[in-house]
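Engineer:
Numbering (the numbering used here), first residue to last: 3 to 269.
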């Protein structure tokens, strides 16, 4: 009797499952057919309205209702354009023209939140000749360092300000410009190279094996390795402006401090 009852219950479960599948399939087919019919009617009404054969208010209302309920053809209210103007420094060494500021309007509703997003959008959609450096887009590499609204910063970390005021973008100040927003970093990197920025020991290990570092020695370097050498601080330093050939600048001097501590940590 127990086996017989289980067999009956199994049949009931299978029957219920079959009914559910039938209802679901019927609903999907019905919805598909209704959407197709509504789309066909909407297309027919569109042709009628465009040809002037049906200009009644009732037909227009039915046309809108048909469009709004026809699957993927739902009417969507688009946001009005939110135009933000970016005035960007432009200079091409291959021409004899003087540097100039060029205005680029950007719809913020179709752009990312950062200044680098706007620059990429301008380069892709408005002016492919716009030149600037970029790489990681996460504030790690320091490639997109530039002067934005009077402050040296990274374009990938600078939020786009209010659309009511134009944003002015220049290359890092008081550096030779290669093109547009690209500064010449040769002197900066030469100065960095001059301090020999690598770990050095007073004496080599006698056994030739690797040098182990204690946790305490490693902690001496905390707060010093965060510099990404973007040169924003050096380009904002008046002393570096006046004598960049001799004065190393804050970025490189900070690295000198780092490696002096490094030497004591590994010696």
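For every residue, glycine included, the Cβ atom is placed at its ideal position computed from N, Cα and C. Computed from a prediction, not measured in an experiment: that's the story for all the values here.
Nearest to residue 314 by CA position, among 25, 234, 247, is which residue?
Structural biologist: The chain is shown only over 3 to 269; residue 314 falls outside these bounds and no answer can be derived.
Engineer: In whole angstroms, give me the CA-to-CA distance for residue 134 and residue 147.
Structural biologist: Their Cα atoms are separated by approximately 9 Å.
Engineer: Please return the same chain residues whose Cβ sits closer than 7 Å to the Cβ of residue 250, not counting the five positions on each side in sequence.
Structural biologist: 193
Engineer: Between residue 141 and the rest of its own chain, which residues show a CB-CB distance below 8 Å, the 5 nearest in sequence each way excluded?
Structural biologist: 156, 158, 159, 230
Engineer: Which residue from 94, 87, 114, 126 puts its Cα closest to that of residue 161?
Structural biologist: 114
Engineer: Evaluate residue 94 with the Cβ neighbour count: other Cβ atoms within 10 Å of its Cβ, from every protein chain shown; 16 or more gives buried, anything less gives exposed.
Structural biologist: exposed
Engineer: Using three-state DSSP, classify residue 153 as helix, strand or coil.
Structural biologist: strand
Engineer: Whose C-alpha, out of 236, 215, 257, is nearest the C-alpha of residue 226?
Structural biologist: 257
Engineer: In or out: residue 86 buried (at least 16 other Cβ within 10 Å) or exposed?
Structural biologist: buried
Engineer: Taking the beta carbon of residue 145 as the centre, do at least 16 other beta carbons fall within 10 Å, making it buried, or is it exposed?
Structural biologist: buried
Engineer: Which residue spans inside the region 166 to 236 form an unbroken beta strand (DSSP E) run of at least 3?
Structural biologist: 169 to 172, 179 to 181
Engineer: Restricting to Cα atoms, I'd like to know which of 30, 209, 259, 89 is closest to residue 199.
Structural biologist: 259
Engineer: Restricting to Cα atoms, I'd like to know which of 182, 125, 108, 223 is closest to residue 163.
Structural biologist: Ranking 182, 125, 108, 223 by Cα distance to residue 163 puts 108 first.
Engineer: Identify whether residue 107 lies in helix, strand or coil by the three-state DSSP scheme.
Structural biologist: strand
Engineer: What separation, rounded to the nearest whole angstrom, lies between the Cα atoms of residue 17 and residue 31?
Structural biologist: Roughly 21 Å separates the two Cα atoms.
Engineer: Over the uninterrupted beta strand (DSSP E) stretch that includes residue 91, give me the two end residues.
Structural biologist: 85 to 92
Engineer: For residue 111, collect the residues of the same chain with a Cβ closer than 6 Å to its Cβ; drop the 5 residues on either side in sequence, then sort them by chain order.
Structural biologist: 81, 84
Engineer: Classify residue 131: buried if its beta carbon has 16 or more other beta carbons within 10 angstroms, exposed otherwise.
Structural biologist: exposed
Engineer: Report the residue ranges of all alpha helix (DSSP H) runs contained in full by the region 11 to 40; include only those spanning at least 4 residues, in chain order.
Structural biologist: With a minimum length of 4 residues, no continuous alpha helix (DSSP H) run stays inside the region 11 to 40.
Engineer: Throw me the rounded Cβ distance for the residue 176 and residue 237 pair, which I believe falls under 8 Å.
Structural biologist: 6 Å
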